[in-house]
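Last residue of the sequence shown: number 702 in the working numbering, and the count goes up by one each step with no gaps. All C-beta atoms in this analysis are idealised placements derived from N, C-alpha and C, irrespective of residue type, glycine included. Contents: one structure, followed by commentary.
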Amino acid sequence: MQVLPESEAELLRERQELAEGRIREALTEELVKAPYDEFFKKAAGFILNPTYDAALPENYASSWLNPVYAVSKCGTEMGRMLSFLSYELLNLVAFRTEGLLMDVVILEEVFLEIYSSFIAAEQEEGTVPSEKVIHGILYSFVSDYTDYTVSRRIREMVDPSESEFAMKIIMESDLTDISYLDKFGEYIDDDVRKIAAYLNTFSEEEIQSMADTFTEGYRMGFINTGKDLSKKRSVAILYELGFERMIRAAVHNFEKLGLSTTIYRHQLHAANRSGMNRSGYSGAWVNKQMAFDHQEDQALFLDKAFMTRKLEVMEHTFEEVKDLARAYGGPAVMETFGAEPFKPETHSEAYALSPEQQKLAVDLAVEAGKITNRYIPGDERSFTIISYPVPSISKDFEKIFDATVKLNNLEASRYERIQQALILQLEKGRKVEVKGRNGNKTDLVVSLHEQPDPASQTVFENCTADVNIPVGEAFTTPSLPGTDGTLFVSEVYLMGLRFENLEFHFKDGFVTDYNCTNFSTDEENKKYIRDHILHHHETLPIGEFAIGTNTLAYRMAKDFDIFSRLDILIAEKTGPHFALGDTCYDRAEDVAVFNPDGREIIARDNEYTIKRKTDPSFRYFQCHTDITIPYDELDTITAIDDEGNRYPVIAGGRFVVPGTEELNEPLEN
């Protein structure tokens, strides 16, 4: 809930009263000709009584939210801009619910400014305003208000006093009455209601156990990376609605660790959005196709001037809250998996970044990351991520949920012992060869870092369950030269998007070519990958090579036939995986970290990241995307030394290193 000085609030209320009076008049006026009269009347009605109805899939085809519909009505550029405005206005559902007076007023006023320009053009020239005029209004709206929209986003992250709205609902509501969910102003579907109802069948002890796993992972993330949690005063919980009983318990747990919690809504304003990413608390997706259609709406305003302005606002805001930022420990993230797989349709009517804007988007992400890291240093912060299924995953939801809870609580010491045997075998080689089977075309060689003193040093991290829950992987930062070949997977879901027959080719650790078969043309397929995996970079390095050891997670996915719905957090533990982008140690490469056996993990840099020490123009990629080969598509993983001696790790899709054989039990039929 926004708390403003009374004089400022009074001024905003006056602006709102004037704006809404004029909007009511627009409902009955006949001052704009077709097809624009339809847009303004529908938008005016929505502003005064906002709901998610027009965004629902069954209504989307004839909604101005849909760029295809808008363009069919009034041409490409004008249609795109009015669809953009409709998408911005959709945020009024949340803004009105939360009482964000400033956010409501600026949207009402930009609508009226555009409406007035149409009236003026009709009355003065009997036509419509130029596309340049409408573009200028929308550009100014996004750019001019960054000192509010971007600044507030930063404050929400680091200042617990900004979290009153969500915290009041979570901590004070009667959670046994699931109507509390409607207080958030998010879209609430059956999955969200059912998960809240299901958690109400859990005992306090069961809920506390789930919360303990979550917060202990966060605490151990600091300990295992040698970072001082006692310096921190806040943590952000990012989660999907329905899990409030667990979140309430987690808030209390963090209080015992000396941490206040920030809980803020996912980003809504165009100036803060990035693709389909939602970071914060969120309800169900209203319409994933709509979000996909609007994922590059920044094409309307992204230029050098906007980039400069946004970065200046970020710098200024972080400087104002620098003490709060330095005391911020990082996010604790609770994700869900199991929703109906989404197969997007590409629409030429939607906004798309030009090649020049794609470069600017990369530059903006990189520079924003640098600013954030100056005020919230990467070598001082940590995180944790955990995941649970939603009811629509299967008729066996409750069994899958219970199995997931067990996965999240697996005994770390058992996997630590098994992974130690795995690591000792891998370290016999200077490279690792990975080959697929059953139609999987993977044939890839991964170069390993030199290991000058094996007694005190290792190149693989023995990862149990701290920042990434559940337990189960051994990973390294590959050496890039000599990391060559093909990575293939028949099907994978990343960021809620399905990729079919995904294929990458590498030379000296960097992507040289890529494709998939989601769409009918190579152009569409490559754009899909470039937008969602390469994140507009021309190429990316392999930042991580890992072997997932959680064969119980694999067994669960096979037993319930839910591979297509697994979260990557669990999927990455069900086979070897490769991450494109930054390493697992980005911005903390100089922090010494150790395995449980006491050896230092020295593979924290690669040949690209080491340039940060000498090259002032060095930039992180701001992305890290895991791609997993499932065990049934995996043939062999073999360590190979400089003399060509081969040391098998996996053969025929089964673990063969002494001490790892028990991992095969869940893999058998």
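Proximity winner among Asp564, Ile580, Met135, relative to Ala52 (alpha-carbon distances): In the sequence shown, the residue the question calls residue 52 occupies position 19. Between Ala52 and the set Asp564, Ile580, Met135, the nearest pair of CA atoms involves Met135.
Simplified DSSP state of Ser236, which is helix, strand or coil: As a working note, residue 236 is residue 203 in the sequence shown. DSSP places Ser236 outside both helix and strand once states are collapsed to three, so it counts as coil.
Buried or exposed by the 16-neighbour rule on C-beta atoms within 10 Å, applied to Ile635: Here residue 635 refers to the residue found at position 602 of the sequence shown. Taking all protein chains in view, the Cβ of Ile635 is crowded by 16 or more other Cβ atoms within 10 Å, so the residue is classified as buried.
Contact belief for Thr295 with Val284 at Cβ below 8 Å, rounded distance in angstroms: For the purposes of this step, residue 295 is taken as residue 262 along the sequence shown, with counting starting at 1. For the purposes of this step, residue 284 is taken as residue 251 along the sequence shown, with counting starting at 1. No, Thr295 and Val284 are not in contact; Cβ-Cβ is about 10 Å, not under 8 Å.
Span of the alpha helix (DSSP H), counted from its first residue to its last, around Ile404: In the sequence shown, the residue the question calls residue 404 occupies position 371. For Ile404, the uninterrupted alpha helix (DSSP H) run begins and ends at 388-408, by DSSP.
Span of the beta strand (DSSP E) around Phe537: Against the sequence shown, residue 537 aligns to sequence position 504. Start and end: 530-540.
In chain order, each alpha helix (DSSP H) run of at least 4 residues that lies wholly inside the stretch 623-696: Taking only runs of at least 4 residues, no alpha helix (DSSP H) segment lies wholly in the stretch 623-696.
DSSP bridge partner residues for Arg365 (one or two, in chain order): For the purposes of this step, residue 365 is taken as the residue at position 332 of the sequence shown. Reading off the sequence, residue 365 comes out as Ala, not Arg. For Ala365, which the question treats as bridged, DSSP gives the partners Ile270, Thr417.
Cβ neighbour criterion (16 or more within 10 Å) applied to Glu273: Here residue 273 corresponds to residue number 240 of the sequence shown, with the count starting at 1. With 16 or more other Cβ atoms within 10 Å, it is buried.
Integer-rounded CB distance, given that Thr497 should sit under 8 Å from Tyr421: Reading the sequence shown from its first residue, position 388 is the one you call residue 421. Reading the sequence shown from its first residue, position 464 is the one you call residue 497. The pair is not a contact, with the Cβ atoms about 19 Å apart (cut-off 8 Å).
Integer-rounded CB distance, given that Gly259 should sit under 8 Å from Val626: Taking the sequence shown and counting its residues from 1, one reaches residue 626 at position 593. Taking the sequence shown and counting its residues from 1, one reaches residue 259 at position 226. About 6 Å separates the beta carbons of Val626 and Gly259, which is inside the 8 Å limit, making them a contact pair.
Sequence-distant residues of the same chain with beta carbon closer than 8 Å to Arg704, five excluded per side: The structure shown does not extend to residue 704, since the chain spans only 34 to 702, so no value can be given for it.
Cα-Cα separation between Leu599 and Ser427, rounded to whole angstroms: What you label residue 599 is simply residue 566 of the sequence shown in a count that begins at 1. What you label residue 427 is simply residue 394 of the sequence shown in a count that begins at 1. If you draw a straight line from the Cα of Leu599 to the Cα of Ser427, it comes to about 12 Å.
Of the residues Ile566, Pro424, Glu640, the one placed nearest Thr510, counting alpha carbons only: Working through the sequence shown from its first residue, we reach residue 510 at position 477. Taking only the C-alpha atoms, the option nearest Thr510 is Glu640.
Glu43 classed as buried or exposed, judged by whether at least 16 other C-beta atoms fall within 10 angstroms: Mapped onto the sequence shown, residue 43 falls at position 10. Classification of Glu43: exposed, given that the 10 Å Cβ count is below 16.
Rounded straight-line distance, which links the Cα of Phe151 to that of Glu71: Taking the sequence shown and counting its residues from 1, the one referred to as residue 71 is at position 38. Taking the sequence shown and counting its residues from 1, the one referred to as residue 151 is at position 118. Approximately 13 Å, taken between the alpha carbons.
Endpoints, the beta strand (DSSP E) within which Gly218 is located: Position 185 of the sequence shown, counted from the first residue, corresponds to residue 218. Neither: Gly218 is in no beta strand (DSSP E) and is coded neither H nor E.
Exposure label - Met528; buried when at least 16 CB within 10 Å: As a position in the sequence shown, residue 528 is number 495, starting the count at 1. It is exposed - the Cβ of Met528 has fewer than 16 other Cβ atoms within 10 Å.
Same chain only: Cβ atoms within 7 Å of Met243, ignoring 5 sequence neighbours per side: Mapped onto the sequence shown, residue 243 falls at position 210. Result list for Met243: Met279, Val438, in chain order.
Assumed close pair Tyr587, Pro699 - CB separation to whole angstroms, cut-off 8 Å: Sequence index remark: in the sequence shown, residue 587 carries index 554 (1-based). Sequence index remark: in the sequence shown, residue 699 carries index 666 (1-based). About 6 Å; that satisfies the 8 Å criterion.
N-terminal and C-terminal residue of the alpha helix (DSSP H) that Pro100 is part of: Within the sequence shown, residue 100 is the residue found at index 67, counting from 1. The continuous alpha helix (DSSP H) containing Pro100 extends over residues 100-107.
Cα-Cα separation between Ser116 and Glu556, rounded to whole angstroms: Translated into the one-based positions of the sequence shown, residue 116 becomes position 83. Translated into the one-based positions of the sequence shown, residue 556 becomes position 523. One C-alpha to the other measures close to 25 Å.
Proximity to Leu696 [Cα-Cα], best of Pro487, Ile451, Asp541: In the sequence shown, residue 696 corresponds to position 663, counting from 1. The closest CA to that of Leu696, considering only Pro487, Ile451, Asp541, is found on Ile451.
Arg470 to Thr661 span [Cα, whole Å]: If you number the sequence shown from 1, residue 470 lands on position 437. If you number the sequence shown from 1, residue 661 lands on position 628. Rounded to whole angstroms, Arg470 to Thr661 spans 14 Å at the Cα level.
Integer-rounded CB distance, given that Asn320 should sit under 8 Å from Ala88: The residue given as residue 88 occupies position 55 in the sequence shown. The residue given as residue 320 occupies position 287 in the sequence shown. 5 Å between Cβ atoms; contact.
Paired residues, beta bridge with Leu520 - DSSP: Position 487 of the sequence shown, counting from 1, holds the residue named residue 520. Its beta-bridge partners are Phe537.
Continuous alpha helix (DSSP H) assignments of at least 4 residues falling wholly in the stretch 267-335: Fully enclosed alpha helix (DSSP H) runs of 4 or longer: 277-289, 321-326.
Continuous alpha helix (DSSP H) stretch holding Lys464: start and end: Here residue 464 refers to the residue found at position 431 of the sequence shown. No alpha helix (DSSP H) contains Lys464, which is instead part of the beta strand (DSSP E) from 464-469.
For Ser196, the nearest candidate out of Arg129, Ala282, Tyr297, Tyr251 (CA to CA): To locate residue 196, count along the sequence shown from 1; it is residue 163. Measuring from the Cα of Ser196, the nearest candidate turns out to be Tyr297.
Gly725, enclosing alpha helix (DSSP H) - first and last residue: The structure shown does not extend to residue 725, since the chain is modelled only from 34 through 702, so no value can be given for it.
Residue closest to Ala445, alpha-carbon to alpha-carbon, out of Gly505, Val268, Ser307, Asp668: Position 412 of the sequence shown, counting from 1, holds the residue named residue 445. Closest by alpha carbon: Gly505.
For Val525, three-class secondary structure by DSSP: Locating residue 525 in the sequence shown gives position 492, counting from the first residue. Assignment of Val525 by DSSP, reduced to helix, strand and coil, places it in the strand class.
Opening and closing residue of the alpha helix (DSSP H) in which Leu457 lies: Along the sequence shown, read from residue 1 onward, the residue named residue 457 stands at position 424. Where Leu457 is concerned, the enclosing alpha helix (DSSP H) stretches over 445-459.
Under 8 Å between C-beta atoms of Glu373 and Leu602: For this step, residue 373 is matched to residue 340 along the sequence shown. For this step, residue 602 is matched to residue 569 along the sequence shown. No, these two residues do not count as a Cβ contact at 8 Å.
Buried versus exposed, by CB contacts within 10 Å (16 or more), Glu58: Taking the first residue of the sequence shown as 1, we reach residue 58 at position 25. Classification for Glu58: exposed.
Beta-carbon spacing of Gly411, Arg620 below 8 Å: Sequence index remark: in the sequence shown, residue 411 carries index 378 (1-based). Sequence index remark: in the sequence shown, residue 620 carries index 587 (1-based). With respect to Arg620, Gly411 sits close: the two C-beta atoms are nearer than 8 Å.
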